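Keeping their order, the protein sequence lines are chains A, B and C. First residue of the first sequence? That's 1 in our numbering, and the numbers climb one at a time after it. First residue of the second sequence? That's 1001 in our numbering, and the numbers climb one at a time after it. First residue of the third sequence? That's 2001 in our numbering, and the numbers climb one at a time after it. In this text, a Cβ means the ideal position worked out from N, Cα and C, and glycines have one as well. The structure displayed is predicted, hence computed values, not measured ones. This report refers to the structure that appears directly beneath it.
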Amino acid sequence: MRAQPSQYELVAPGKLAGVLDLMAREPGVWLPIAGGTEVMVQYGAGRLGARKLVSLWGLPELRRIERTSQETIIGAGCTYSDLRKHLHLAQEFPLLGRAASWTGSIANQNRGTLGGNIVNASPAADSLPALLVYEAELLLVSARGERRIPYAEFHTGYKQTVLAADEIIAAIALQPRFNGYYSYSRKVGTRNAQAIAKLCLAGLGKVSGNKIEDVRLAIGSMAVTPLRLKRTETVLLGQAWSPTIPREARKAMETEVAPIDDIRSTAAYRLHVAGNLLQEFVEALFASESVEIEP
Amino acid sequence: MQTRIVGVSVPRKEGASKLTGRARYIDDLSLPGMIFGATVRSTIARGAIEKIQLGEGVAWHEFTIVTAKDIPGRNVVSLIMEDQPCLADGVVNHPEEPILLLAHPDRHALAAAIAAVKILYKPAPSLHTIEESERRDLIIWGKDNIFKSYLMEKGDVDNAWESAAWIVEGEYTTGAQEQLYIEPNGVIAQASDTGALTVWGSMQCPFYVHKALVALTGLPAESVRVIQAETGGAFGGKEEYPSMLAGHASLLAMKSGRPVKIIYDRMEDMAATTKRHPSRTRHRTAIAADGKLLAAEIEFAIDGGAYATLSSTVLSRGTIHAGGPYFWPNIRVHAKAYATNTPPHGAFRGFGAPQSLFALERHMDHIAHTIGMAPDEFRRRNLLHQGMTTSTDQMIHEPIVMDHLLDRALDLSAYHAKVEQFKTHNLTSPQKKGIGMAAFLHGAGFTGSGERYLNAVVGLEATAAGGLRVMVSSTEFGQGTNTILCQIAAETLGLEYDDVSMAPIDTSTSPNSGPTVASRTAMIIGRILQTAALKMRQTLIDAGLLETSSGREQFLAACRTYRERFGELQSFGRYEAAPNIFWNDELYRGEAYPAYAWAVYVATVTVDTSTYSVTIDDFVALQEIGKVLHPVLAAGQIEGGVAQGIGYALYEKVVWNDGRMINNQMTNYIMPTAEDIPPIRVFFEEVPYQYGPYGAKGIGELPMDGPAPAIVNAVVQATGISFNAIPLLPEDIFRGLTAEPERPEESLATALAAEGSQ
Amino acid sequence: MSAKRCEIAFTVNGTAHSVSVYPMERLLDVLRIELGLTGAKEGCGEGECGSCSVLLNGELVNSCLVPVLHAQGASVCTIEGLAPGNGALHPVQQAFLKCGGAQCGICTPGMVLATVHLLRSNPSPTLEQVREGLGGNLCRCTGYTRIFESVLEAAEAKAVKV
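Here it is in structure tokens:
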């Protein structure tokens, strides 16, 4: 434990408004902390720059899941365990529940939050590709008011986001437009549990009359941010099955990603395996048409 | 012989205290007035220390600061060669080398203070691999960078090549491996103003620590007292390192006049303490037309890090095990331990044998493939039998059941059926399946004359409370020492398991039964304990308090009476070598170990060709170990060792940057979790060893030798690619499967040279 | 610059406590040092090994990653609170003892609490579910085999009330 607790302030206003007021008064000074599964690791290693922290843990405004006919609103303070336990979420947005089950351990799932995962902005985060393919929207909030942005616009660079210094993510909005879609996600980690992803592919697709009617693909750990594979989607859209399709998709994917060598893996491995997962997805997507999907 | 307690899975002696959280490990202990210590370490691999500056922003007057100048005795960590300083004095030879010690009443003040110490170095060139060291462009240790070398020879190797039908070569490498005990290293030291020093710590060998402290402090032996605290895992990683740590805490305690606690955090423990020696083994083998082994020329090299520490003994065991469980009419092993500018490597379960046996068992499969013989058949033709001699010319007088183990392991794993099944399956499936085996042995006890030199003593005493206590320096760190020793004593004297307990491990009161290493505790210490127990019985008989046919009640009553009369009742046994053990240290020949455990392991794997990851679907671990003293503990030892072997093979890679481990966190040094370990099926056979307690032989390290070669052999079968280095990660399998095709197995050496080191 | 201590009132193993601590002290350290409950251990300080696991309002958490402020008003259960008292063992502890689920013991408090947490929500887990439930608790000694047996034995014995 390489930090001195006496040098850190942590306050818990207890209400979202109190948190936002504090952040408005001293923008950029107070680091929000929810479950702490990321911040406390930095802290323990003596690498946490911030000295003032404001707690978002347990704020009722942030820890709720609301479902209307239009959309599902997930409070940013929901933990991975909350996500896994919510039945409708599991049914309507299975990729999110699956990603939640991959993150850390049970103990870390009980504390880690979806909002925290997004704000931490690691390109390796498990839930982010799912949010990209579901075309999630983020509700950002500050003392100045609210704004809603497509999640796809949130990341601007490696661990850079559009979040203002006085702002937090209040909620994640998902629209249930994927009824009948085939959904796929696969994480390749260093081991089966408690693994940071070497890469992670999420995909949604719909095939009709042997043609790809719609397809969405997103990948993690293959660029400085989680990435929507737009070129690959373009190549796939409208295509009928042929054995060259997976190869074409792979070629397109290779032009839009930028994997690196790091402590966990190599660029060459990541690139090749990403192509393999893409192939797996495409083959399964076409095969899914013959499977009856419940409305 | 029917036994009532030995051979039964009695409750772990200290199990209840561990399960309720009552067990006190070193960081759970506190002394009044205790302050906290920490270490300032080198950030370069090699060079001179030009200046040490205490930076701004720290109230230095509140700190106790210790340098090499404060060492009252000799600045060494006394072990074998005494080349390792306790604190660097003017020069450093590896990253993380300790330079300065700090202590402060507030544990939290230390990290900032360490960061504020500015050290000016004059860096010098450094070496970081066996290859760099053996080139000798730079000499960093002694005259030739070699800590130790052995030449082990049997028969006439040079003349065997001409009669060979095949000559097969191969090169095999293994990486460093971190012991990763879940409890990091820690000690508390207290120096009294009358010059007495007491140290408590997480450790395997209290008398090693004692010896090191005497050398470091110059205090008389009786003034130094070392006490083992409950120890949360060790696996060799706490065999020699605690001497260094105890030295540091003692220096701070002596200078500050306060008790000092030093606990490493995980990052420091991983970066600074010992790991398994990386190795490189080159085989050249002559095989006769009928598949019999004719000769081996083996070059075995290990990377010892910056100081000699235990490298000579690791090299020794690796050398002796290099020929495995086979009959070699002719064999020559050239073994060398090299110096590099890395934190010294040290003991880790297996101690050189996992390295040389990985190479051998991979090579056996390689030969089998080359000569067109099934891997099991090739091994069968060459297994040692009773009456044959090992690579050190040791005749094995006891029955060897390796043929039977091989049969049974093949049967348990459905080996032949799977080989056929997988051939078909692999033609069409992207999930490639393979099955692989390893046949091996592991010598128990210290090598050669080592046990005579240790001259272990074991005591047994009758306590005021009415029971008996075992007095040893053999420590418990999860493997079951406490339990089996109490079982043996109880069984020998016809008592109940609960009648016997363990005396605290304390150098001021415990007899020196030697270090808790080398798989010697059950076999050697257990046997001496029986001697001590029988002596106690005889003492009571001689005192007229006991009949030869007396039972438990009478025995305990006799103990009480004896104590009333004479004050105390203690009996001691001393090591007695089994007859006909001769070891020639010069020629490296003779009875290397008093007894061997024998094993055949079989791994069934699936290689996913989309992610190149390996899943182990089944693991059979079959071994002959003399006598199973405690079925649950014995199985637990095998399962735990296999799990570590799986990590060694597939997951645990130390990533180095100029001699520094950079993945020194649990998040990026990958150890298997509960979701990664396959079902491990453990089976025992018993050929009682005459000189072991109830026939028992040592088993602690055996399970470390087999998993890696069995698993890699299975992966090779599944993929058709010859992998010869561990850890074997998906990235390596990917490279092997997608590399330029047509790499025939015979040109292995060139292929490896081209690919470079792992 | 120095933060101010704050009063944290919480219940540990059924006993009410009030401690004056810095809000960013780790729950692990407050339990071990302020309250002398040394059952929870520090194996890694980064939430990977699980040897610091405790139950916080019934949820399994890594106490090395919980700022003590988050325990305000909470109910914490550590290994010391599991056994019923009078020298008896909790049925989960009993199962571990019988099946050899503890060797060196350092992972054991966390492992036992993870088991209790698992069995409370899933009294009859499959082996796969046991693996997942304990995936955050690393053990270096046992190879997990006997731990799985211990958990399944405890489940069989209906060791935990839902």
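Discussion item. For B:His1416 and B:Leu1383, I'd like the C-alpha separation in whole angstroms.
Written reply: 19 Å
**Message:** Closer than 8 Å is the cut-off here; do at least three beta carbon pairs connect the segment 1432 to 1449 of chain B with the segment 1323 to 1330 of chain B?
**Reply:** yes
Next on the checklist: Does any residue of chain A have a CB that is nearer than 9 Å to the CB of C:Lys2004?
Outcome noted: yes
Any idea if B:Arg1349 is buried or exposed, counting beta-carbon neighbours within 10 angstroms, 16 or more meaning buried? buried
### Rounded separation between B:Glu1564 and B:Ala1464 - CA only
9 Å
Under 9 Å (Cβ pairs) to chain A, residues found in the segment 1658 to 1674 of chain B
Ile1662, Asn1663, Gln1665, Met1666, Thr1667, Asn1668, Ile1670, Met1671, Pro1672, Thr1673 and Ala1674
Hey, out of B:Ile1049, B:Ser1017 and B:Leu1079, whose CA is closest to C:Glu2080's CA? B:Ser1017
- Query: By the criterion of Cβ-Cβ separation under 7 Å, what are the contact partners of A:Cys5 in chain C?
  - Reply: In the sequence as presented, Cys is not what sits at residue 5 of chain A; that position holds Pro. Here the neighbours are Tyr2022, Met2024 and Glu2025.
| Between C:Val2030 and the rest of its own chain, which residues show a CB-CB distance below 7 Å, the 5 nearest in sequence each way excluded? | Val2019, Val2021 and Val2068
* Any chance you could list the beta strand (DSSP E) runs of at least 3 consecutive residues sitting entirely within the segment 1628 to 1716 of chain B, in chain order? => 1680 to 1685
Would DSSP call B:Gly1756 helix, strand or coil? Low confidence applies here, because B:Gly1756 scores a pLDDT of 43, under 50, leaving its location unreliable and the question unanswered by this model.
Along the segment 2067 to 2099 of chain C, where does the CB come closer than 8 Å to a CB of chain A? Name the residues.
Pro2067, Leu2069, His2070 and Gln2072
Interface residues of chain C facing B:Leu1180 [CB-CB closer than 8 Å]: Arg2140
Spatially closest choice to A:Gly275 from A:Cys200, A:Ala12, A:Leu48 and A:Thr234, by CA coordinates: A:Cys200
Quiz item: Along the segment 1711 to 1723 of chain B, what residues have a CB closer than 9 Å to any CB found in chain C?
Solution: none
**Message:** I'd like to know if the segment 1354 to 1366 of chain B and the segment 1527 to 1537 of chain B are in contact, where contact means that at least 3 CB-CB pairs between them fall below 8 Å.
**Reply:** no
Check your understanding: Can you find a C-beta in chain B that's less than 9 Å from the C-beta of C:Asn2137?
Key -> yes
To the nearest angstrom, how far is the alpha carbon of B:Ala1212 from that of B:Asn1159?
48 Å
C-alpha distance - C:Asn2122 paired with C:Lys2161, whole-angstrom precision
10 Å
Below-9 Å beta-carbon distance, B:Phe1036 vs any chain A residue = no
**Report entry** Coarse secondary structure for B:Thr1003, derived from DSSP in three states
**Finding:** coil
Same chain only: Cβ atoms within 8 Å of B:Ala1753, ignoring 5 sequence neighbours per side: Legend: pLDDT at B:Ala1753 = 41, less than 50; position of this residue unreliable, no value from coordinates given.
What in chain A is Cβ-close to B:Ser1610, meaning under 8 Å?
Val273, Asn276, Leu277, Gln279 and Glu280
For this session: Taking B:Ile1525 as part of the alpha helix (DSSP H), name the residues at either end of that continuous run.
Result: Unbroken run through B:Ile1525: none, as it is neither H nor E.
_Judging by CA-CA distance, which residue of B:Asp1542, B:Pro1707, B:Leu1556 and B:Gln1394 is the nearest neighbour of B:Met1152?_
B:Gln1394
Worksheet entry | Beta carbon of B:Gln1084 nearer than 9 Å to that of B:Ala1308 | yes
**Message:** Residues of the segment 253 to 269 of chain A in Cβ contact with chain B at a cutoff of 9 Å, in chain order, please.
**Reply:** Ile263, Arg264, Ser265, Thr266, Ala268 and Tyr269
**Prompt:** CB-CB under 6 Å to A:Leu277, same chain, minus the five flanking residues each way: which ones, in chain order?
**Reply:** Arg186 and Leu201
Practice item. May I ask you to report which of helix, strand or coil DSSP gives B:Ala1141? Key: Correcting the residue type first, residue 1141 of chain B is Trp in the shown sequence and not Ala. Note: B:Trp1141 maps to coil in three-state DSSP.
*Alpha carbon to alpha carbon, how far is B:Tyr1691 from B:Tyr1497?*
22 Å
**Asked** Any heavy atom of the ligand SAH closer than 8 Å to the Cβ of B:Asn1455?
**Response** As presented, the structure is devoid of all ligands, the ligand SAH included, so that no description of it is given.
Tell me which same chain residues have a C-beta within less than 7 Å of the C-beta of B:Pro1105, skipping the five on either side of it?
Ile1035
- Message: Checking the sheet assignment: what are the DSSP bridge partners for A:Val215?
- Response: A:Gly205
* From B:Ile1262 to C:Pro2091, what does the alpha carbon distance come to, in whole angstroms? -> 36 Å
### Query
the segment 2032 to 2059 of chain C: which residues have C-beta closer than 7 Å to a C-beta of chain A, in chain order?
Gly2045, Glu2046, Gly2047, Glu2048, Gly2050, Ser2053 and Glu2059
Kindly confirm or deny that the segment 1513 to 1531 of chain B and the segment 1447 to 1464 of chain B touch, where touching means at least three C-beta pairs closer than 8 Å.
-> yes
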